[in-house]
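Chemist: Count along the sequence shown from 1, then add 9; that gives the number in our numbering. A virtual CB, placed ideally from N, CA and C, is assigned to each residue, including glycine. Quick caveat: nothing in here was measured; it's all calculated off a predicted structure. Below you'll find the structure I mean.
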Amino acid sequence: MSQQVWKLVIVAEEILSKKLIKLIKEAGATGYTVVAAGGEGSRNVRSTGEPSVSHTLSNVKIEILVGSRELADKIIHEVERKYYADYSIITYISQVEALRDHKF
10 MSQQVWKLVI VAEEILSKKL IKLIKEAGAT GYTVVAAGGE GSRNVRSTGE
60 PSVSHTLSNV KIEILVGSRE LADKIIHEVE RKYYADYSII TYISQVEALR
110 DHKF
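Structure below.
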């Protein structure tokens, strides 16, 4: 069986990964996936004022699957409130079909 769930993706500076994971867990999400991320966008200068030259200044992509739009919105709003002003962060959301419905 499958289930429609919400996939929230956060692409952020790696320095925020522990704080973001804590926020995600405290909001009530039961799991997440973190992978290294790279690319180019309109903001290629980090909050440190330095271009990315080391592992500590790289990006991560965090994917979270949740069973409700409300939980996804709660996480997005907290990320926005705490980090958008001072860090390079992209968030996006989509509805996807999870093939292991009992997980969400």
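Give me the DSSP bridge partner(s) of I71.
Modeler: On the sequence shown, position 62 is the one that residue 71 refers to. Bridge partners of I71: I19 and V43.
Chemist: Note the first and the last residue of the continuous beta strand (DSSP E) segment covering E106.
Modeler: Here residue 106 refers to the residue found at position 97 when the sequence shown is read from its first residue. That run of the beta strand (DSSP E) goes I98 to A107.
Chemist: Could you spell out the range, first to last residue, of the alpha helix (DSSP H) harbouring D82?
Modeler: Here the question's residue 82 lines up with position 73 in the sequence shown. Run containing D82: R78 to Y92, per the alpha helix (DSSP H) assignment.
Chemist: Whose CA, out of V44, A36 and L32, lies closest to the CA of Y92?
Modeler: As a first step, residue 92 is located in the sequence shown; it is residue number 83 there, counting from the start. In terms of Cα proximity to Y92, the closest of V44, A36 and L32 is L32.
Chemist: Check this for me: beta carbons of S26 and V43, under 9 Å apart or not?
Modeler: Here residue 26 is taken as the residue at index 17 of the sequence shown, counted from 1. Here residue 43 is taken as the residue at index 34 of the sequence shown, counted from 1. Yes, Cβ-Cβ distance for S26 and V43 is below 9 Å.
Chemist: Along the alpha helix (DSSP H) that carries I24, what are the first and last residues, could you check?
Modeler: Walking along the sequence shown from the start, residue 24 turns up at place 15. Neither: I24 is in no alpha helix (DSSP H) and is coded neither H nor E.
Chemist: Tell me the rounded alpha-carbon separation between T57 and S11.
Modeler: Position 48 of the sequence shown holds residue 57. Position 2 of the sequence shown holds residue 11. Any reading at T57 must be qualified, since the residue scores a pLDDT of 45, below 50, and its modelled position is unreliable; the value itself is stated next. Their Cα atoms are separated by approximately 43 Å.
Chemist: Going by beta-carbon coordinates alone, are I15 and R78 separated by less than 9 Å?
Modeler: On the sequence shown, residue 15 is found 6 positions in, with the first residue counted as 1. On the sequence shown, residue 78 is found 69 positions in, with the first residue counted as 1. In the sequence on display, residue 15 carries Trp and not Ile. A contact, by the Cβ cut-off of 9 Å.
Chemist: Alpha carbon to alpha carbon, how far is Y41 from E89? Give it in angstroms, no decimals.
Modeler: Working through the sequence shown from its first residue, we reach residue 89 at position 80. Working through the sequence shown from its first residue, we reach residue 41 at position 32. Roughly 18 Å between the two C-alpha positions.
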